[in-house]
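Going line by line, the protein sequences match chains A and B. The first sequence stops at residue 856 when you use our numbering, and every number in between is there. The second sequence stops at residue 856 when you use our numbering, and every number in between is there. Glycine included, C-beta positions come from ideal geometry on N, C-alpha and C. This report concerns only the one structure given below.
Protein chains: 2
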Amino acid sequence: MKEDSNTAPASGIRGSNQSGMRAYNERLVLSLIRQNGALPKAEIARISGLSAQTVSVIMRALEADGFLEKGEPIRGKVGQPSVPMNLAKGGAFFFGLKVGRRSLEMILINFLGTVIGRVHLTHPYPTPDGVVRFTNDSIGQLLDQLTPEERKRVAGLGIAIPFRLWDWSVALGLEQTDMEAWRERDIRAEIAQNWNFPIYLQNDASAACGAELVFGKGETPRDFLYFYIGFFVGGGVVLNRSLFTGRSGNAGALGSIPIGVTGKKARLLVDVASLATLETAIIATGGDANILWEPPKSWSVPADILRDWVDDASSGLAFAIAAAASVMDCEYAMIDGWLPEEVRAELVRQTEQKLTDLEIAGIEKPPVLEGTIGTSARALGAASLPLSDRFLVDQNALLKA
Amino acid sequence: MKEDSNTAPASGIRGSNQSGMRAYNERLVLSLIRQNGALPKAEIARISGLSAQTVSVIMRALEADGFLEKGEPIRGKVGQPSVPMNLAKGGAFFFGLKVGRRSLEMILINFLGTVIGRVHLTHPYPTPDGVVRFTNDSIGQLLDQLTPEERKRVAGLGIAIPFRLWDWSVALGLEQTDMEAWRERDIRAEIAQNWNFPIYLQNDASAACGAELVFGKGETPRDFLYFYIGFFVGGGVVLNRSLFTGRSGNAGALGSIPIGVTGKKARLLVDVASLATLETAIIATGGDANILWEPPKSWSVPADILRDWVDDASSGLAFAIAAAASVMDCEYAMIDGWLPEEVRAELVRQTEQKLTDLEIAGIEKPPVLEGTIGTSARALGAASLPLSDRFLVDQNALLKA
DNA sequence: AATAAATAAATCACTCTTATTTATTATTGA
DNA sequence: TCAATAATAAATAAGAGTGATTTATTTATT
Numbered sequence: 456m457k458e459d460s461n462t463a464p465a466s467g468i469r470g471s472n473q474s475g476m477r478a479y480n481e482r483l484v485l486s487l488i489r490q491n492g493a494l495p496k497a498e499i500a501r502i503s504g505l506s507a508q509t510v511s512v513i514m515r516a517l518e519a520d521g522f523l524e525k526g527e528p529i530r531g532k533v534g535q536p537s538v539p540m541n542l543a544k545g546g547a548f549f550f551g552l553k554v555g556r557r558s559l560e561m562i563l564i565n566f567l568g569t570v571i572g573r574v575h576l577t578h579p580y581p582t583p584d585g586v587v588r589f590t591n592d593s594i595g596q597l598l599d600q601l602t603p604e605e606r607k608r609v610a611g612l613g614i615a616i617p618f619r620l621w622d623w624s625v626a627l628g629l630e631q632t633d634m635e636a637w638r639e640r641d642i643r644a645e646i647a648q649n650w651n652f653p654i655y656l657q658n659d660a661s662a663a664c665g666a667e668l669v670f671g672k673g674e675t676p677r678d679f680l681y682f683y684i685g686f687f688v689g690g691g692v693v694l695n696r697s698l699f700t701g702r703s704g705n706a707g708a709l710g711s712i713p714i715g716v717t718g719k720k721a722r723l724l725v726d727v728a729s730l731a732t733l734e735t736a737i738i739a740t741g742g743d744a745n746i747l748w749e750p751p752k753s754w755s756v757p758a759d760i761l762r763d764w765v766d767d768a769s770s771g772l773a774f775a776i777a778a779a780a781s782v783m784d785c786e787y788a789m790i791d792g793w794l795p796e797e798v799r800a801e802l803v804r805q806t807e808q809k810l811t812d813l814e815i816a817g818i819e820k821p822p823v824l825e826g827t828i829g830t831s832a833r834a835l836g837a838a839s840l841p842l843s844d845r846f847l848v849d850q851n852a853l854l855k856a
Numbered sequence: 456m457k458e459d460s461n462t463a464p465a466s467g468i469r470g471s472n473q474s475g476m477r478a479y480n481e482r483l484v485l486s487l488i489r490q491n492g493a494l495p496k497a498e499i500a501r502i503s504g505l506s507a508q509t510v511s512v513i514m515r516a517l518e519a520d521g522f523l524e525k526g527e528p529i530r531g532k533v534g535q536p537s538v539p540m541n542l543a544k545g546g547a548f549f550f551g552l553k554v555g556r557r558s559l560e561m562i563l564i565n566f567l568g569t570v571i572g573r574v575h576l577t578h579p580y581p582t583p584d585g586v587v588r589f590t591n592d593s594i595g596q597l598l599d600q601l602t603p604e605e606r607k608r609v610a611g612l613g614i615a616i617p618f619r620l621w622d623w624s625v626a627l628g629l630e631q632t633d634m635e636a637w638r639e640r641d642i643r644a645e646i647a648q649n650w651n652f653p654i655y656l657q658n659d660a661s662a663a664c665g666a667e668l669v670f671g672k673g674e675t676p677r678d679f680l681y682f683y684i685g686f687f688v689g690g691g692v693v694l695n696r697s698l699f700t701g702r703s704g705n706a707g708a709l710g711s712i713p714i715g716v717t718g719k720k721a722r723l724l725v726d727v728a729s730l731a732t733l734e735t736a737i738i739a740t741g742g743d744a745n746i747l748w749e750p751p752k753s754w755s756v757p758a759d760i761l762r763d764w765v766d767d768a769s770s771g772l773a774f775a776i777a778a779a780a781s782v783m784d785c786e787y788a789m790i791d792g793w794l795p796e797e798v799r800a801e802l803v804r805q806t807e808q809k810l811t812d813l814e815i816a817g818i819e820k821p822p823v824l825e826g827t828i829g830t831s832a833r834a835l836g837a838a839s840l841p842l843s844d845r846f847l848v849d850q851n852a853l854l855k856a
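Right under this line is the structure:
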């Protein structure tokens, strides 16, 4: 699969002009409200440093375009009551597709990030044909739930999918050929033929990171490191409050962080901290590994196997976090995944402990936190891709179209 | 020492306005010429996407201000001959100070990056008082070489200094107290009292990385990883063609990358790939380690000691590069340092070999290259700090002042 | 004649400054 | 206690200023 196909047009460094400036300031307003909740115009002016008049003009335009709406005036303070402006839930709609080990999931979210539609399909393993068909069908179904007016406001589809699917074959116990198909197919392009909104494709773990960045609860830090534990473990790197995907779109390939060497073979994080490893352990003792792919609430993994896995995984994560923190000096590390909440909590606790115990001079060890999104992070993150690209601050927004 | 004092004002996300736009486009023009050499206005317009008229206005202004100058018209093509515009060497001047293990070095460069003045001082170890006095004295001397007109165009001083100097004491065999002074002193502020140009302070290895970015020969890649081998080993991370220093200014603390664990103690890159290690090895065999601090051309380190050191150092570097590449997906890794050229070449060769041999799935291993600046990278990088801040593209340039 | 570089004049889009309006709370004086 | 007045803050209108763009023109060359 042409994984590069998601990458923005490489382009050299471009100049800036007035429309770029306006686009940037509009995104800034929307981003500030998304981060802080409803805010009056005067407050936006103070935060952004823009003049009150400029903010007034921009926000009235955004309101007229249906992206913002007035809240109840707040009285009780000296002066004219302030009118908080909030995101209008019908401002735009986004599709998010998660391609997973055992299932496909399509969600439809509104401008506030609320899931307003969901289609789910279980499969033995993902195939390009199956994914393309499911995508087109489910988008059709979900569009039916929207009014004709709302349909015009669909701003895109994001796809969260593990990269290098063809490397799965062995782990999945499938014939090499079943996965080889992914190498050549460009499902993004195929799906794009059917729809006239933009389509984005990203590594599933990076997408999950995007969900945390856009929809995460609490204050989002400038720079953080994110791990998502799925069939494999992957992650994302957030710099300056935006997801850094690098030149090839594969930055934050955190599963490939080496955590030790035996001879010439590096042991990688993915070898110890992914559900594939846990599955193997369960199967080795004659257990039924399918429980892993049910919604995590209902997991019933033998306690001793789980304990060993958490022990190994947290050691690997601690080492990986230390390595990554040296490179990018992050404020904190976050762990989420397709895990029951109590397993995630224990994994975070042990990782934090092992990181604290590790003696490393010269860097500050970031605190380790639990993700705030949980199991649905990948689908939500997928849907956040078109949202980020169109409505959130982005350095490139300043440049010429 | 308040190492944070260099960090840019934290500030939230700011809006953009016309002066920001113009400032950005001016920097863009200067950056394009610095990267590509002399370019005619029409070519700048094509690369930047700005209209020919806009570029014409901007470049005439820059010429009038003395930052650009006309080259010889190029004939031989259809149409009016193109006039390549180049950086004017007298456009601005910058001071760069390197604080090192055994010496201080102050350089003065012109707008082209050519070193036009240099003052050097050997010391047993760096003290805040010594550094402040040397700085003020040497700036005074070097200013005498400039005309009164040129003196007005001094745009700043950059200081490249190892962070956490107080951790040196043990390695240097000095009393703890000698280095404790650094913890409290803010030499940047002290020096700033004497001069009315801006002063920047940065980790010495990150500064060296900046030299590569600004003055490096050949095409500079978007994203790369940089190691500078000095008394300690450190580095820098370049993202989107700019030096990423992170929230605390300590990103690219590449010396702290863990390369293995024994019990709870992590072995770090700095333990195997710094000259401090080599010095220890030399002293252990009764040799004279002072040769290391002479200009590297005249090194005469026993061959067997050097061979062992290069072997260990390259193994550590290979592992560190693999780890960092997983996090940030860099185009390549670069190694430079206070080293004789043949040692650097061998170190790079072995690192590349060991990285190739290392089996790691899921990432592309970056090629390893030699730095193009060499021993003077730190002082040049220091001088590049005010240059970057005032004259090169920088996302923040677009925002309101 | 064709082509390309460079520029001039007019236009357009945007933010900023200054001044005004509006709605509210705080203070004052009978 | 109550009404009149002052102070304050939000919001906006009008006009100024700045900078990129468009269109047209000039210039120098093959």
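- A direct Cα-to-Cα measurement between B:A739 and A:E814 gives close to 26 angstroms.
- Short of 6 angstroms from the beta carbon of B:G671, and not among the five residues preceding or following it, lie these beta carbons of its own chain, in chain order: T827.
- The residue among A:A706, A:M561, A:L772 and A:R477 with its C-alpha nearest the C-alpha of A:G715 is A:L772.
- Using a Cβ distance threshold of 8 angstroms, B:G741 and B:L709 do not count as a contacting pair.
- A Cβ of chain B is located within less than 8 angstroms of the beta carbon of A:Y479.
- Under a 10 Å Cβ-count criterion, B:S753 is classified as exposed, with fewer than 16 other Cβ atoms of the shown protein chains found around its own Cβ.
- Think of a sphere of 8 angstroms around the beta carbon of B:R677: the chain A residues whose beta carbon falls inside it are R702, in chain order.
- DSSP places A:D784 in the coil class of the three-state scheme, outside both helix and strand.
- A residue is called buried when at least 16 other Cβ atoms come within 10 angstroms of its Cβ; B:R489 meets this threshold and is buried.
- Residues of the region 803 to 819 of chain A whose Cβ lies closer than 9 angstroms to any Cβ of chain B, in chain order: K809, D812, L813, E814, I815, A816, G817, I818 and E819.
- In the same chain as A:S511, and ignoring 5 residues on each side of it, the C-beta atoms closer than 7 angstroms to its own belong to K496, in chain order.
- Looking at the DSSP output, B:Y681 shares a beta bridge with B:G691 and B:M789.
- Chain-ordered, the chain B residues with CB closer than 8 angstroms to the CB of A:E786 read R702.
- Annotation: Cβ neighbours of B:K855 in chain A (cutoff 7 angstroms, chain order): G504.
- Listed along the chain, the chain B residues whose CB falls inside 9 angstroms of the CB of A:G715 are G715 and V716.
- Two segments are said to touch when three or more pairs of C-beta atoms, one from each, lie closer than 8 angstroms; by this definition the region 599 to 607 of chain A does not touch the region 582 to 590 of chain A.
- Relative to A:I564, the option among A:V848, A:L854, A:L840 and A:D849 whose CA is nearest is A:L840.
- With a 10 Å radius around the Cβ and a threshold of 16 neighbouring Cβ atoms, B:A758 comes out exposed.
- Taking the C-beta atoms as reference points, A:R696 is found no nearer than 8 angstroms to A:E786.
- The region 605 to 669 of chain A contains, as complete alpha helix (DSSP H) runs of 4+ residues, the segments 623 to 627, 631 to 639 and 642 to 647 (chain order).
- Contact check between the region 476 to 486 of chain A and the region 468 to 480 of chain B: three or more CB pairs, one atom from each, fall below 8 angstroms, which counts as touching.
- A distance of 8 angstroms or more separates the beta carbons of A:L485 and A:F774.
- DSSP places A:L733 in the uninterrupted alpha helix (DSSP H) bounded by L730 to A739.
- Looking from the CA of B:G611, the closest CA among B:L694, B:F549 and B:E524 belongs to B:F549.
- Contiguous beta strand (DSSP E) elements confined to the region 550 to 595 of chain A occur at 558 to 564 and 570 to 577, taking only those with 3 or more residues.
- A:G707 reaches chain B at S781, V782, M783 and D784, counting residues in chain order whose Cβ is nearer than 9 angstroms.
- Around the beta-carbon of A:D812, fewer than 16 other beta-carbon atoms lie within 10 Å, marking it exposed.
- Residue contact with chain B for A:G470: present (Cβ-Cβ distance below 8 angstroms to some residue of chain B).
- DSSP places A:R804 in the helix class (H, G or I) of the three-state scheme.
- Chain A places no beta carbon closer than 8 angstroms to that of B:L824, leaving this residue out of the contacts.
- Looking at the DSSP output, B:K525 bridges to B:M540.
- Take the alpha-carbon of B:E639 and the one of B:D633: they are about 12 angstroms apart.
- Counting along the chain, no alpha helix (DSSP H) covers B:L698; the unbroken beta strand (DSSP E) around it starts and ends at S697 to F699.
- Its Cα nearest to that of B:I760, the residue B:A744 stands out among B:Q805, B:W748, B:A744 and B:P751.
- For B:I488, the secondary structure class from DSSP, reduced to helix, strand or coil, is helix.
- Around the C-beta of A:K809, 16 or more other C-beta atoms lie within 10 Å, and the residue is accordingly described as buried.
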